[in-house]
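Okay, so here's the structure we're looking at.
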Ligand code: XIL
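In this note's numbering, the protein residues as written are 28 to 378.
Spelled out as structure tokens, the structure:
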């Protein structure tokens, strides 16, 4: 071959290689500088979370990708509830909870443990068993200490007691109240604290993000317990809400102040916003939903006491609400909805 031809081919090869290197390095740069909800939250030392279901982590890679990419905190949706993690008296099953904790470790995410003491998802062996008060106390102590102990150092916050109050502010007449009595609440916090002294311990409930009989009584009770030395660090506001008459933002602001003023840390723990009842067009509903998401995030971000917002899921493909509510921030095909962009914007502002 002629010498000049060889040189030409070499020059061409070098040029093609350089173009390829340029394109690939820019692709990497684009990916690594992409703005996500979690990248913005990280900059503010704020947590944006989501409830995660271990079944979908295994079977749906779009799901696990979006959870890993967008969130810096995850909550176990069901996997740490009594009936699932402790299905028989002498048998615990940590397999699905472990899956979520391992996923979080791999993706450098914090984990909220949900939930140790609740009136739902209690196993039959316990609910239908014939046990004395002392035996049930011992079962609950062992349960809490085994579960919290297993994940010691890996769970940054626990929903220790969930939904213990009625709307009128009285204690819910649930399995635990009936069998142990009202002291089950403080005992549970004490036992959890003994098992992991560094974990933050939360009381979690719905309907307490507004000023009403329930939120007033919950605040009073938690304040009294804290004064007695019961290790309660925070309060979780569930907030399964709606665009129609769902949330009063002014009351939410007041509530965050009130809880903060008695030293409680607040997290919004189960946020989703349903649209089914509204009569507007689909587009308007999405816009109203985005506006409410944005107001809730803005309110939490501007409050001294509020440090996290956890969504109850991530995609309308899998929601705890009825399908028509379409309450989450990605649609069924994992396309970000208006709500996603409005949250992104709220995370970009200074407060
Ligand atoms: C729900 C889960 O999302 C469902 O998959 C399950 O069937 C029932 O529990 N308040 C809570 C959560 O504290 O644990 C509930 O989660 C939703 C209401």
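Positions of the beta carbon are idealized from the N, C-alpha and C atoms, including for glycine.
Item, Value
"Please name the residue in 343, 340, 353, 313 whose C-alpha comes closest to that of residue 365.", "313"
"Short of 8 Å in beta carbon distance, which residues of its chain neighbour residue 104, apart from the five on each side in sequence? Order them along the chain.", "78, 79, 80, 141, 339, 340, 347"
"Establish whether the CB of residue 162 and some CB of chain C are separated by less than 8 Å.", "Looking at the structure shown, chain C is missing, and only one protein chain is on hand."
"Rounded to whole angstroms, what is the Cα-Cα separation between residue 90 and residue 72?", "25 Å"
"Helix, strand or coil for residue 102? Go by DSSP, reduced to three states.", "strand"
"Is it buried or exposed, residue 342, if we count other Cβ atoms within 10 angstroms and call 16 or more buried?", "buried"
"Take residue 275 as the anchor and find which of 248, 318, 260, 252 has the nearest alpha-carbon.", "318"
"At the level of alpha carbons, what is the spacing between residue 336 and residue 301?", "17 Å"
"So what's residue 359 in DSSP terms, helix, strand or just coil?", "coil"
"Note down, in chain order, each residue of its chain lying with its Cβ closer than 7 Å to the Cβ of residue 258, except the 5 sequence neighbours on either side.", "216, 217, 220, 228"
"List in chain order: all unbroken alpha helix (DSSP H) runs of 4+ residues lying wholly within the stretch 196-249.", "202-206, 211-222"
"Looking at C-alpha atoms only, which residue of 354, 64, 110, 126 is the closest neighbour of residue 86?", "126"
"Whose C-beta lies closer than 8 Å to the C-beta of residue 278 among residues of the same chain, with five residues either side of it excluded?", "236, 237, 238"
"According to DSSP, what are the bridge partners of residue 298?", "338"
"Alpha carbons only, please: which of 351, 255, 101, 345 is nearest the one belonging to residue 309?", "351"
"Between the C-alpha atoms of residue 260 and residue 376, what's the straight-line distance to the nearest angstrom?", "28 Å"
"Verify the contact flag: residue 141, CB atom, against every heavy atom of the ligand XIL, threshold strictly below 7 Å.", "yes"
"Looking at the structure shown, is residue 264 part of a helix, part of a strand, or coil, going by DSSP?", "strand"
"Just checking my contact of residue 231 with residue 296 at CB under 8 Å: how many whole Å lie between their CB atoms?", "6 Å"
"Do three or more CB pairs link the stretch 147-161 to the stretch 96-115 at distances below 8 Å?", "yes"
"Measuring straight from C-alpha to C-alpha, what distance separates residue 180 and residue 226?", "7 Å"
"On the criterion of 16 or more Cβ atoms from any shown chain inside 10 Å, does residue 122 qualify as buried, or is it exposed?", "exposed"
"Heavy atom of the ligand XIL less than 7 Å from the Cβ of residue 347, yes or no?", "yes"
"Would you mind working out which of 268, 207, 117 sits nearest residue 353, comparing C-alpha positions?", "268"
"Below 7 Å, is the gap between the Cβ of residue 134 and the nearest heavy atom of the ligand XIL?", "no"
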